[in-house]
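Presented below is the structure to which this report refers.
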Amino acid sequence: MNSKKNYNIAIVGLGNIGSEVYKHLVKNKRTIEINTNSSFQIKYISAKRINKKRGFTIPKKMWVKNPLSLVKKDDVDIIIELIGGSDGVAKELVFAALKNNKHVVTANKALIFKHGNELVKIAENNSVNLLFEASVGGGIPIIKSIKESLVGNKLFHIYGILNGTTNFILTEIEKTKKSFKENLLNAQKLGYAETNPKLDLNGDDVKSKISILSALCFKTKIINKKFLTEGIEQIDLEDVEYAQKFNYKIKLLGISEITDNKIKQRVHACLIPKDSDLAKINGANNAIMVEGNPIGKIVYQGLGAGKGPTTSSIVSDLNSILKGNITLPFGFNFADAKEFKMFDFNNHICKFYLRIVVKDKSGVLSKITSVLSKYKISIQSILQQPLQNNKYANLVIITHNSKEKDMQSALMKISKEKFISKKITMIRIRNEKKL
Ligand code: HSE
Numbered sequence: 002m003n004s005k006k007n008y009n010i011a012i013v014g015l016g017n018i019g020s021e022v023y024k025h026l027v028k029n030k031r032t033i034e035i036n037t038n039s040s041f042q043i044k045y046i047s048a049k050r051i052n053k054k055r056g057f058t059i060p061k062k063m064w065v066k067n068p069l070s071l072v073k074k075d076d077v078d079i080i081i082e083l084i085g086g087s088d089g090v091a092k093e094l095v096f097a098a099l100k101n102n103k104h105v106v107t108a109n110k111a112l113i114f115k116h117g118n119e120l121v122k123i124a125e126n127n128s129v130n131l132l133f134e135a136s137v138g139g140g141i142p143i144i145k146s147i148k149e150s151l152v153g154n155k156l157f158h159i160y161g162i163l164n165g166t167t168n169f170i171l172t173e174i175e176k177t178k179k180s181f182k183e184n185l186l187n188a189q190k191l192g193y194a195e196t197n198p199k200l201d202l203n204g205d206d207v208k209s210k211i212s213i214l215s216a217l218c219f220k221t222k223i224i225n226k227k228f229l230t231e232g233i234e235q236i237d238l239e240d241v242e243y244a245q246k247f248n249y250k251i252k253l254l255g256i257s258e259i260t261d262n263k264i265k266q267r268v269h270a271c272l273i274p275k276d277s278d279l280a281k282i283n284g285a286n287n288a289i290m291v292e293g294n295p296i297g298k299i300v301y302q303g304l305g306a307g308k309g310p311t312t313s314s315i316v317s318d319l320n321s322i323l324k325g326n327i328t329l330p331f332g333f334n335f336a337d338a339k340e341f342k343m344f345d346f347n348n349h350i351c352k353f354y355l356r357i358v359v360k361d362k363s364g365v366l367s368k369i370t371s372v373l374s375k376y377k378i379s380i381q382s383i384l385q386q387p388l389q390n391n392k393y394a395n396l397v398i399i400t401h402n403s404k405e406k407d408m409q410s411a412l413m414k415i416s417k418e419k420f421i422s423k424k425i426t427m428i429r430i431r432n433e434k435k436l
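Below, the structure written as structure tokens:
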């Protein structure tokens with residue numbers, strides 16, 4: 002217990018997060034060393050722009066121009082990768098680091114999503130750590146929790162709000178009644194949105210996160226092939242307000258569950274009852290629900306992005322390594338990964354919300370309802386509201402439970418009608434219950 006091990010750390014990427022991690026490690030060095038019974042040095046730093054103003058100085062001798070050179074250095078034990086992106090330098094660095102027996106801590110969900118299945122094998126073979134707590138849910142300790150604290154459970158359902166930017170935007174639209182665009186700009190200013198906000202808005206960010214969580218929960222490989230992924234780009238202030246009228250809130254959810262021995266994994270916006278727990282998660286917060294046996298249902302909640310929460314997760318991973326732990330990256334031996342078939346989402350059944358902008362003239366409503374009935378889709382509620390010039394109207398429909406496949410066929414048919422003036426907004430309704 003008394004032989005303290007010394008670790009040399011390299012940080013690659015010194016943007017918002019990298020700078021915060023560096024400052025945190027410098028400030029809390031002694032505490033971390035006491036907690037982990039180790040000693041450590043930040044030996045090297047590599048960043049694209051060395052001369053960028055950061056408000057703190059870094060000793061010249063620490064700078065390394067080519068981050069890939071770090072993997073060959075004997076005085077590097079741990080590489081903290083904070084470059085981001087599924088490919089390019091981040092990918093090359095992490096592959097090479099693990100191959101050269103360096104421990105890796107990363108916040109890079111895109112990389113783990115795309116290459117995690119290969120990376121985990123290298124880490125396991127070389128008995129080094131590949132830790133990625135910061136890749137999902139910001140500061141929420143969800144990954145370690147699934148891998149370690151929930152190990153006594155058979156988990157069958159994980160879902161929740163996994164993107165702070167879109168949750169912030171949806172919350173602010175409701176609060177400010179301002180446009181989607183204005184609220185996106187604000188989210189970017191606050192540092193929540195990705196450099197390319199498209200990845201937040203089109204659901205791709207959640208796709209990576211739910212795939213990682215799903216693999217850990219169900220002890221499978223990461224499913225990185227195509228599955229239903231939609232964002233919030235089609236949602237307008239009007240939808241948020243109509244949802245309210247029907248006692249719902251709109252949330253972008255990542256969902257994965259085991260049903261009939263198949264994995265049903267998807268990302269899409271949902272209308273959820275406004276008194277449900279998830280409906281109360283506002284702003285840039287994330288919330289993740291996990292269900293299993295014997296634990297039942299538990300919820301994790303916290304800021305899903307930003308330098309503080311992300312630093313907390315990175316430092317947690319680092320602590321684990323400094324304590325001398327070598328853990329399986331996915332929490333199970335990857336050679337034992339279970340195989341599940343994918344559920345055919347065409348067979349998914351739920352209620353649907355539709356907002357159809359139509360020309361306001363006779364016969365339109367009957368045409369729409371007849372197409373719906375042809376596909377066995379029964380209407381629960383219907384609301385028509387004229388738009389400014391009275392030539393057009395918003396037709397809002399809530400259906401009874403219907404099959405995804407039937408809804409898609411009906412929408413295809415209705416979309417072809419001349420009286421349709423805009424792309425139809427369809428949002429699935431989830432019967433989310435209170436805890
Ligand atoms: N852009 C992400 C979000 C944060 O808005 O949640 C990093 O995962």
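When the sequence shown is numbered by this note's numbering, its final residue is 436 and no position is left out of the sequence of numbers. Backbone N, C-alpha and C fix where the C-beta goes; we use that ideal spot for every residue, glycine too.
Quick check: leucine 151 and isoleucine 296, are their CB atoms within less than 8 Å of each other?
yes
In whole angstroms, give me the CA-to-CA distance for isoleucine 170 and leucine 185.
If I take the Cα positions, the gap works out to 6 Å.
Using the Cβ count rule (16 or more neighbours within 10 Å means buried), how would you classify glutamate 242?
exposed
Assumed close pair isoleucine 251, isoleucine 398 - CB separation to whole angstroms, cut-off 8 Å
Actually they do not touch by this definition, with Cβ atoms about 16 Å apart.
Using only alpha-carbon positions, find the residue among Leu355, Lys220, Lys265, Leu329 that is nearest to glutamate 340.
Lys220
Where do the N-terminal and C-terminal ends of the alpha helix (DSSP H) with leucine 202 fall, by residue?
199 to 202
Assigned exposure category for glycine 117 - 16 Cβ within 10 Å defines buried:
buried
Quick one: using the 10 Å Cβ neighbour count with 16 as the cut-off for buried, is histidine 104 buried or exposed?
buried
Should leucine 229 and valine 268 be called a contact, given that it needs their Cβ atoms to be closer than 8 Å?
yes
Any heavy atom of ligand 3 closer than 7 Å to the Cβ of aspartate 201?
This structure lacks ligand 3; its bound ligands are ligand 1.
Top-ranked residue by Cα proximity to lysine 263, from Phe333, Asp345, Leu319, Val291
Here the closest residue by C-alpha is Asp345.
Verify whether the separation of the beta carbon atoms of glycine 139 and glycine 307 is less than 8 Å.
Yes.
Is any non-hydrogen atom of ligand 1 found closer than 7 Å to the C-beta of alanine 270, if you look at the structure I gave you?
Not under cutoff, so the answer is no.
Using only alpha-carbon positions, find the residue among Pro274, Phe333, Cys271, Thr311 that is nearest to lysine 216.
What sits at residue 216 in the sequence shown is alanine, not lysine. If we check each option's Cα against that of alanine 216, Phe333 comes out closest.
Under the three-state reduction of DSSP, which class applies to asparagine 7: helix, strand or coil?
strand
Mind checking whether the beta-carbon of aspartate 345 lies closer than 7 Å to any heavy atom of ligand 1?
no
Between glycine 232 and ligand 1, is the CB less than 7 Å from at least one heavy atom?
no
Only counting the same chain, and skipping five residues up and downstream in sequence, which positions put a Cβ closer than 8 Å to that of isoleucine 350?
Asn402, Ser403, Lys404, Glu405
Looking only at its chain, what residues have a beta carbon closer than 6 Å to the beta carbon of serine 40, apart from the 5 residues adjacent to it on each side?
Lys5, Asn7, Glu34
Between serine 363 and glutamate 134, which are expected to be in contact by the criterion C-beta below 8 Å, what is the C-beta distance as a whole number of angstroms?
Contact doesn't hold; Cβ gap of about 59 Å is too wide.
Since histidine 349 is in the beta strand (DSSP E), which residue starts that stretch and which ends it?
Run containing histidine 349: none; DSSP gives neither H nor E here.
Nearest-angstrom Cα distance between valine 365 and phenylalanine 420?
The alpha-carbon atoms of valine 365 and phenylalanine 420 are separated by roughly 7 Å.
Between which two residues does the alpha helix (DSSP H) holding glycine 165 run?
165 to 177
Quick one, which of Leu412, Ile383, Val137 has its alpha-carbon nearest lysine 375's?
Leu412
With H, G and I counted as helix, E and B as strand and the rest as coil, what does DSSP make of arginine 267?
The three-state secondary structure of arginine 267, taken from DSSP, is strand.
Would you grab the beta carbon distance between tyrosine 45 and valine 77 for me? Rounded to a whole angstrom, and I think it's under 8 Å.
7 Å
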